[in-house]
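Accompanying notes for the structure given below.
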Amino acid sequence: MSESQPNPALPPTDAIEVTESRAFESWFEYPIRVQPHHTDYAGIVWHGTYLTWMEEARVECLRSIGIEFADLVALGCDLPVVEISIRYHRSIQLGMQAIVKTRMTEVTGVRINWDYAIVSVDGQQLYVTAKVTLVALDRERGKIMRQLPANVKDALAKIAGLHGN
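Everything in the sequence shown is counted per my numbering, starting at 5 for the first residue and increasing by one.
This is the structure:
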């Protein structure tokens, strides 16, 4: 190569950066501690582990407002991830503790959007920010639902500040 080309710019992450600037007061908090199985050979948290922690936090947040995943399954409803955007700011190491903060930002039709921030216990270090979009899926038909089940929509309204139709 005769000329070195500059690194291509990262894709836009405006949505993730907006998450960073928001206050964390209204977020659901899920504490974690890094165990050996969360890390690579060097004792640094493996990138996929963060996704697991985010899902655990989301499930616990939903449980806190009365939505159990077992109940969704019984209703024939699943909430798969259809889009995810994640930014790794700083690594976490074996033995460290952190807080996974999550909140639902909006529900549009059957799309449910969540923000995440993984921070140090004292809130001084930002490790990860992310956005995740879920959709309501009819498990029996394998198709996206036309609308959320009423009881799910009502429960989600508690944490999203939404008003039912």
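All residues carry an ideal CB built from backbone N, CA and C; glycine is no exception. If you're wondering where the values come from, they're calculated on a predicted model, not measured in any experiment.
Item: Residue 11 by DSSP, collapsed to three states: which one?; Value: Its pLDDT being 40, under 50, residue 11 is placed unreliably by the model, and the measurement read from it follows with that caveat. In this structure, residue 11 counts as coil in the three-state DSSP scheme.
Item: How close, in whole Å, do the beta carbons of residue 132 and residue 54 come, if the pair is a contact with beta carbons under 8 Å?; Value: 5 Å
Item: Assign residue 58 to one of three DSSP states: helix, strand, or coil.; Value: helix
Item: Distance check for residue 114 and residue 147, CA to CA, integer angstroms please.; Value: 12 Å
Item: For a test of the three-state rule: what should DSSP assign to residue 76, helix, strand or coil?; Value: helix
Item: For residue 89 versus residue 32, is the C-beta distance shorter than 8 Å?; Value: no
Item: Assuming residue 153 contacts residue 98 under a Cβ cut-off of 8 Å, what Cβ separation, rounded to an integer in Å, is found between them?; Value: About 41 Å separates the two Cβ atoms, so there is no contact after all.
Item: Does DSSP classify residue 67 as helix, strand or coil?; Value: helix
Item: Classify residue 61: buried if its beta carbon has 16 or more other beta carbons within 10 angstroms, exposed otherwise.; Value: buried
Item: Quick check on the DSSP output: the beta strand (DSSP E) that includes residue 103 runs from which residue to which?; Value: 101-112
Item: Just to check my reading of the structure: residue 104 and residue 120 have Cβ atoms closer than 8 Å, yes? What is that Cβ distance to the nearest angstrom?; Value: 7 Å
Item: Figure out for me which residue from 110, 85, 128, 142 has the closest Cα to the Cα of residue 160.; Value: 110
Item: Cα separation between residue 72 and residue 44?; Value: 32 Å
Item: Which residue marks the beginning of the beta strand (DSSP E) containing residue 120, and which one marks its end?; Value: 115-124
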